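**Student:** Following my numbering, the numbering of the sequence shown begins with 2 at its first residue and continues without gaps. For glycine and all other residues, C-beta sits at the position ideal for the given N, C-alpha and C. Source: prediction; values computed, not measured. Submitted below is the structure of interest, expressed as structure tokens.
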Amino acid sequence: MPAPIPITRGEGIYLVDADGRRYLDAISSWWVTIHGHAHPYIAEKIYQQALTLEQVIFAGFTHEPAVSLAERLLPLLPGPFARVFYSDNGSTAVEVALKMAVQYWWNQGQPQRNKILAFKEAYHGDTFGAMSVSGRSIFTQAFNDKLFEVIFLDTPSPLGHEDPPEAAAHRRQQLEQLPWDQVACFIYEPLVQGAGGMRMHRPEGLDLLLAACRQQGVLCIADEVMTGFGRTNQLFASHWLQHSPDIICLSKGLTGGTLPLGITACKDFLYEAFVQDDKLKTLWHGHSFTANPLACAASLASLDLLLDPACTRQRAMISRMQETFLDTLAGSSLPVRNGRCTGTLLAFEVIQEKDGYLNTISADITRKALDKGVFLRPLGNTLYLMPPYCITEPELKYVYEVILEILYGL
């Protein structure tokens, strides 16, 4: 395994190492740095907040950055969301959502509604609850006997593919056989399953499943930790769907990638189920750094940048170029398949004898790209691009040139 590269600073879309070498960060440093590195506007807002209040316990106290962030964010969410629960990362936002959904039914006097639905190949984080609702994989293998039981469903038909009749029939049969009266919630990554291999599916299939959950009173949890904040060319991927979630999990791009922060937002009927005189119905969950003022200030600054029309134009430009590059790959003789694109996200598989994370092609591509000054980190043999929104057309073209050079050399 190669030694880690010591990074000394970031400049926009670039990371700079101790020797002064620059690497174009084509994956937003694990999908968080949506506006680029060391953005001066976000840095200034964090600095100003640090001079005023850096941290305070969020129990019996509140503060202006947390209130302002909730007030600004809630109207932007895909549905009538009313309340925000702050935590510190995506996995924790998922944990809070699961606890909120299961305890909602317990508070309602229906503790038998405690089963959870999730998609096969899902990835929701690395804590135990998040692992439990994730597909069984190399991430969970050592812990599978410690994870709680989940009912896993087939994902909707992939983007660009029609379901064969037998697959559609199998999905219908799955739904018909579910113990609906025992199901508390359904958690899903809308439109794109990220760490599960950038699997993309069409909104129509997911909407059919959400409609079935609605009919049965099942709570719907959208994990938008990765897809949120403009990645799919809507502010949130759930905006592409007819049915809104009851709970939404946010992190990663929330602060523009500058500081850790998680949010679990819910609709008012969920909140009301916990605000009662009976203390046993309290949602007993908290963190030392809940609603950290610096992270909230960074999030407010990131929202300013995200809602600027210039950022909208940038995302549209990235999306157009990604689609054009997919056409280039499709018209080539390169060893690639299953090219797909949703908004600013692009992915395809490099054809190898074995798919998945244990494929060595990932390390080879990363090394060759770094030699050319581009940071890529494929998921096994799934190569994807998720650039910061500040990338320019020439810079994105250079990334494509490097990818093509690597692929032609395989």
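Check each candidate in Thr53, Tyr87, Pro81 and name the one with the smallest Cα separation from Val1.
**Tutor:** Past the edges of the chain, shown from 2 to 411, lies residue 1, and the structure says nothing about it.
**Student:** Along the beta strand (DSSP E) that carries Ile407, what are the first and last residues, could you check?
**Tutor:** It is not in any beta strand (DSSP E) - Ile407 instead sits in the alpha helix (DSSP H) that spans 394-409.
**Student:** Figure out for me which residue from Phe237, Pro180, Ala143, Leu160 has the closest Cα to the Cα of Leu154.
**Tutor:** Pro180
**Student:** If the criterion is Cβ atoms closer than 8 Å, does the pair Ser30 and Gly229 meet it?
**Tutor:** Against a cut-off of 8 Å, the Cβ pair of Gly229 and Ser30 comes out as no contact.
**Student:** Inspect the beta-carbon positions of Ala123 and Glu45 and report whether they are closer than 8 Å.
**Tutor:** no
**Student:** Exposed or buried, what is Arg173 when buried is set at 16 or more other beta-carbons lying within 10 Å of its beta-carbon?
**Tutor:** Exposed.
**Student:** Identify which residue in Pro294, Gln109, Gly130 has its Cα closest to the Cα of Asp119.
**Tutor:** Per the sequence presented here, residue 119 reads as Ala, with Asp not at that position. Here the closest residue by C-alpha is Gly130.
**Student:** Between Arg23, Lys280, Leu160, Leu220, which lies nearest to Ile117 when the distance is taken from Cα to Cα?
**Tutor:** Leu220
**Student:** If I measure Cβ to Cβ from Phe326 and keep anything under 7 Å in the same chain, skipping five residues before and after, which residues do I get?
**Tutor:** The residues are Leu347, Tyr401.
**Student:** Does the beta-carbon of Leu308 have 16 or more other beta-carbons within 10 angstroms, so that it is buried, or is it exposed?
**Tutor:** exposed
**Student:** Going by the beta-carbon positions, is the gap between Glu350 and Val337 smaller than 8 Å?
**Tutor:** yes
**Student:** Can you give me the start and stop residues for the beta strand (DSSP E) that Val85 sits inside?
**Tutor:** Val85 -> beta strand (DSSP E) spans 82-88.
**Student:** Counting only runs that start and end within the segment 130-168, where is the beta strand (DSSP E) found for 3 or more residues in a row?
**Tutor:** Complete beta strand (DSSP E) runs here, min 3: 152-154.
**Student:** In the DSSP output, what is Tyr385 paired with across the bridge?
**Tutor:** Ala348
**Student:** How about Asn294 and Val57: are their beta carbons less than 8 Å apart?
**Tutor:** One detail in the question is off: residue 294 reads as Pro in this sequence, not Asn. Yes, the Cβ-Cβ distance between Pro294 and Val57 is below 8 Å.
**Student:** DSSP beta-bridge partners for Ile8?
**Tutor:** Asp18
**Student:** Just confirm the distance between the C-beta atoms of Cys391 and Ile8, as a whole number of angstroms; I'd bet it's less than 8 Å.
**Tutor:** Contact flag wrong, Cβ pair sits at about 18 Å.
**Student:** Going by DSSP, which residues form a beta bridge with Val184?
**Tutor:** Residue pairing by DSSP puts Val184 in a beta bridge opposite Lys116.
**Student:** For Pro379, which option in Ile6, Gly21, Asp18, Asp26 has the closest C-alpha, if you only look at C-alpha atoms?
**Tutor:** Asp26
**Student:** From this set, Ala83, Pro395, Gly381, Asp365, which residue's C-alpha is nearest Pro3's C-alpha?
**Tutor:** Of the candidates Ala83, Pro395, Gly381, Asp365, Asp365 places its Cα closest to the Cα of Pro3.
**Student:** Please tell me whether Ser252 and Asn90 are closer than 8 Å, where the distance is taken between their beta carbons.
**Tutor:** yes
**Student:** So who's on the other strand from Thr343, going by DSSP bridges?
**Tutor:** Beta-bridge annotation (DSSP): Thr343 is paired with Leu346.
**Student:** Within the same chain, show all residues whose beta-carbon is closer than 7 Å to that of Asn339, passing over the 5 residues directly before and after it, in chain order.
**Tutor:** Correct list, in chain order: Phe349, Glu350.
**Student:** Could you check what DSSP says for His240 in three-state terms: helix, strand or coil?
**Tutor:** helix
**Student:** Nearest to Ala102 by alpha carbon, out of Phe187, Ser92, Gly126, Asp18?
**Tutor:** Phe187
**Student:** Between the alpha carbons of Val95 and Ser133, how many angstroms are there, rounded?
**Tutor:** 11 Å
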